[in-house]
Structures are given as structure tokens and as C-alpha cells.
Amino acid sequence: MSLDKLGGKGEELKAVWNKEPDNEEILDRWFSRFVRLRDSDENGFIKCCTCGRQKHWKDCHNGHYVKRGHQATRYDEKDCAAMCVYCNMKRNGEEQAHRLYINHKYGEGTAELLKLKGKAPFKMLPEEYEEKIKHYKEIVKSNPLYEDAKK
Ligand SMILES: [Zn+2]
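Every letter in the sequence shown is one number past the one before it in our numbering, and letter 108, counting from 1, is 108.
This is how it looks when you write it as C-alpha cells:
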């Protein structure tokens, strides 16, 4: 169906599709690249944090332990790890396996603290978004794997 046939609804949809990405979307993108590259070996391959499958960093997701909707942990580096698309989408993030991974990597009890942190109300200021975008963009752009992937 063409959008024009949708009348007013079509206009609304067009507005959504043409929307410029906001700071949250931009930060999500750079933060995801940061996490996936951080977890890559020197050839750009990651091991899924929950099932161990090997994937190229471009073909995996940034998997959150505390779900992404919780703002206080959305950009917490410990909450996130490179995860295969299957675990993230079809197995809903494999929460228990991800919990074990976090506690093994960062110390017993870390996952439980992240859960608590995620429950707290949290809101970032526009300048905090900008600061974080700048920070993660710099790290990502200095990684040769990132430049390689663009060729
Ligand atoms: Zn997996």
C-alpha cells in the first residue's frame, strides 16, 4: 500500500522514517561498536558470551544482561558483551548464561549489582550523551578493525 493511501497515518509514518537519529540512537550505535570491538580478537572475531559460537564482530550484537530499556545500565560496559544474533534474538539474551559470564569476568556478585543498578531511575543530560558519543567514537575509530570493516 502506498503511504498516501494511509492518509494521516501515512504522514505520521513518513515523519518517523525520515526522523534524524537522536542522541540515544547515535550513542547506541557507537557503544555497540565499542563493545563488539572490545570483545574481538585481532582478526575481528568474537566468541558469543553465552554460547561460545565464533562470529565476526560485524555480524553479532551488543548483548545486554539487564535489558536495554533500563537506562541506568544501558551504557554500562560490564552489562554488555558481544553476543551472537541467535542468542540475543531467539533465546532472549540467554540471561542465566550471561549472568555466569559477567560474574566470571568481573567477579562474583557483579551481575546481581547490575540488576540493582538497572532498577534505579536514571536520565542523562544532552551534554552527557554528547560526551559519551565522543568518547566511544574515538575509541572505535582508533581501532584498525573498524577501518578494515569499512573497506
Ligand atoms: Zn550465542
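Beta carbons are placed, not taken as given, at the ideal position from N, Cα and C, and that holds for glycine.
Exercise. Indicate the three-state DSSP secondary structure (helix, strand or coil) for K107 in the structure shown.
Key: Sequence inspection shows Gly at residue 107; the Lys mentioned does not correspond to that position. G107 falls in the coil class under three-state DSSP.
Practice problem: Examine ligand 1 and report whether any of its heavy atoms sits within less than 7 Å of the Cβ of M89. | Solution: no
Exercise. Give me the Cα-Cα distance between C48 and M83, rounded to the nearest whole angstrom.
Key: 4 Å
Quiz item: Out of D59, H64, K132, which has the shortest C-alpha to C-alpha gap to E24?
Solution: K132
Quiz item: Which whole-angstrom value describes the C-beta separation of Y136 and W57, a residue pair presumed to lie in contact below a C-beta threshold of 8 Å?
Solution: Incorrect: roughly 15 Å between the Cβ atoms, too far for contact.
Quiz item: Cβ of Y65 versus every heavy atom of ligand 1: is any distance shorter than 7 Å?
Solution: no
Self-check item: Beta-carbon gap between N103 and L37 smaller than 8 Å
Solution: Cβ atoms of N103 and L37: not closer than 8 Å.
Quiz item: Which class does F122 belong to by DSSP, given the choice of helix, strand or coil?
Solution: coil
Self-check item: C-alpha distance - Q71 paired with T110, whole-angstrom precision
Solution: When rounded, the distance between both Cα atoms is 18 Å.
Practice problem: Within the same chain, show all residues whose beta-carbon is closer than 6 Å to that of K151, passing over the 5 residues directly before and after it, in chain order. | Solution: Listed in chain order, the non-local C-beta contacts of K151 below 6 Å within the same chain number zero, local neighbours out to five positions each way being set aside.
Quiz item: Sorted by chain position, which residues of the same chain lie with C-beta nearer than 7 Å to V140's C-beta, five sequence neighbours on each side aside?
Solution: Excluding sequence neighbours, V140 sits near W30, R33, F34, L37, Y146.
Self-check item: Alpha-carbon to alpha-carbon, K90 and M1
Solution: Residue confidence is low: M1 scores 47 on pLDDT, short of 50, so the model does not pin down where it sits. Its coordinate-derived value is still stated next. Between M1 and K90, the C-alpha separation is close to 30 Å.
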